[in-house]
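The numbering of the sequence shown is UniProt numbering, which starts it at 1 and goes up by one.
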Amino acid sequence: MYRFLDTLYILIYYIQNHFLFIELCQVLSHMLPSAYTLFHPGQNWRFQHPFASFFHLFFRVVAIVVYLLCEWVSKSFTSCFVLIITLLSFDFWSVKNVTGRLLVGLRWWNQIDEDGKSLWVFETSRGQNIGTETEARIFWLGLIICPLIWTFFFFTSLFSLKIKWLSLVVASISFQAANLYGYLRCKAGGQEGQPPHTSSFTGQRFLQRVSD
């Protein structure tokens, strides 16, 4: 309970005194110009894949809520740890394999080549089944903001000297940072030579060695 109140107090303090949310949106607007316009009052909210948009946010948002409230629901750290990691595992799989492909036409994975070296593989698509601009904004905002929230939890746990919770936060950051890193590299690779007439996943791959 005290951990939750400390986190809530610090979050309110930064929002009220430093306009953290506004500054975050401005940063996102430079990284992804369409992200900031999600909050514009005149936007036409159209959804081609509503279920994918919902589950893109569902698991990661529920994991954050459980982290904040788990001490009220259960006094068992093990139960909270298992539940949050399970939610983030579902989130990792769904974002990596489903929502990225449907909402923004991107997909990434890591594979081992014949020499035993790890390779990043990226695919892009510009077909008609790709999500709308609204869905793309939801995808990128959810992908970026949630790891930032977990990073905030990392510092609150660190300054509170709550080591066991710190281990959970580090694991959570690892899950979400992997997808964020993969999709940012995939987006950057897809803008370098992807043919404009592509209508489906054609196997256009951008392979880069992790050691580079």
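Heads up, the beta-carbon is just placed ideally off N, CA and C, and yes, glycines get one too.
Bear in mind that the values here come from a model prediction, so they are computed numbers and not experimental data.
For residue i, name the three-state secondary structure that DSSP assigns.
i           : result
Val104      : coil
Thr124      : strand
Gln176      : helix
Tyr36       : For Tyr36, the pLDDT reaches just 42, beneath the cut-off of 50, and the residue's location in the model is therefore unreliable, leaving the point undetermined.
Ser118      : strand
Ile112      : strand
Gly131      : coil
Arg60       : helix
Ser89       : helix
Arg137      : helix
Arg185      : helix
Ser74       : coil
Arg46       : coil
residue 213 : Shown here, the chain extends from 1 to 212; a query on residue 213 therefore has no answer.
Phe206      : At Phe206, the pLDDT of 34 sits below 50, so the modelled position is not reliable; the number obtained from the coordinates is stated separately. Coil at Phe206, not helix or strand.
When we look at the beta-carbon of residue i and count the other beta-carbons within 10 Å, is it buried (16 or more) or exposed?
i      : result
Glu114 : exposed
Arg46  : exposed
Val104 : buried
Tyr67  : buried
Gly116 : exposed
Pro50  : exposed
Thr124 : buried
Phe82  : A small correction: the amino acid at residue 82 is Val; Phe does not occupy that position in the sequence shown. Flag for Val82 reads exposed.
Ser118 : exposed
Leu69  : exposed
Trp72  : exposed
Ile144 : buried
Using a Cβ-Cβ cut-off of 8 Å, state whether residue i counts as contacting chain C.
i      : result
Leu141 : Although the question refers to chain C, the structure presented lacks it and comprises just one protein chain.
Identify every residue that forms a DSSP beta bridge with residue i.
i      : result
Ser157 : Per DSSP, none; premise fails for Ser157.
Return the chain-ordered list of same chain residues with a C-beta closer than 7 Å to the C-beta of residue i, the five sequence neighbours on each side being excluded.
i           : result
Ser53       : Phe47, Leu103, Glu135 and Ile138
Lys187      : Leu106
Thr151      : Ile173
Ala171      : Ile85
residue 213 : As displayed, the chain neither begins before 1 nor continues past 212, which places residue 213 out of reach and without an answer.
Ile112      : Ser118
Give a single yes or no on whether residue i has its beta carbon closer than 7 Å to a heavy atom of the ligand GDP.
i      : result
Arg107 : This structure lacks the ligand GDP, and indeed carries no ligand of any kind.
Cutting at 6 Å between CB atoms, please list the residues of its own chain near residue i, excluding the five before and the five after it.
i      : result
Phe59  : Leu87, Phe90 and Asp91
Gly182 : Trp108
Phe153 : Val169
Looking only at its chain, what residues have a beta carbon closer than 8 Å to the beta carbon of residue i, apart from the 5 residues adjacent to it on each side?
i      : result
Pro147 : Ile173, Gln176, Ala177 and Leu180
Leu57  : Ile138 and Gly142
Ile149 : Ile64
Would you call the region 82–100 and the region 176–185 touching, i.e. three or more CB-CB distances under 8 Å?
-> Result yes; three or more Cβ-Cβ pairs closer than 8 Å.
Hey, is the region 68–80 in contact with the region 155–162, meaning 3+ C-beta pairs nearer than 8 Å?
-> Between the region 68–80 and the region 155–162, the count of C-beta pairs closer than 8 Å stays below three; the two stretches do not touch.
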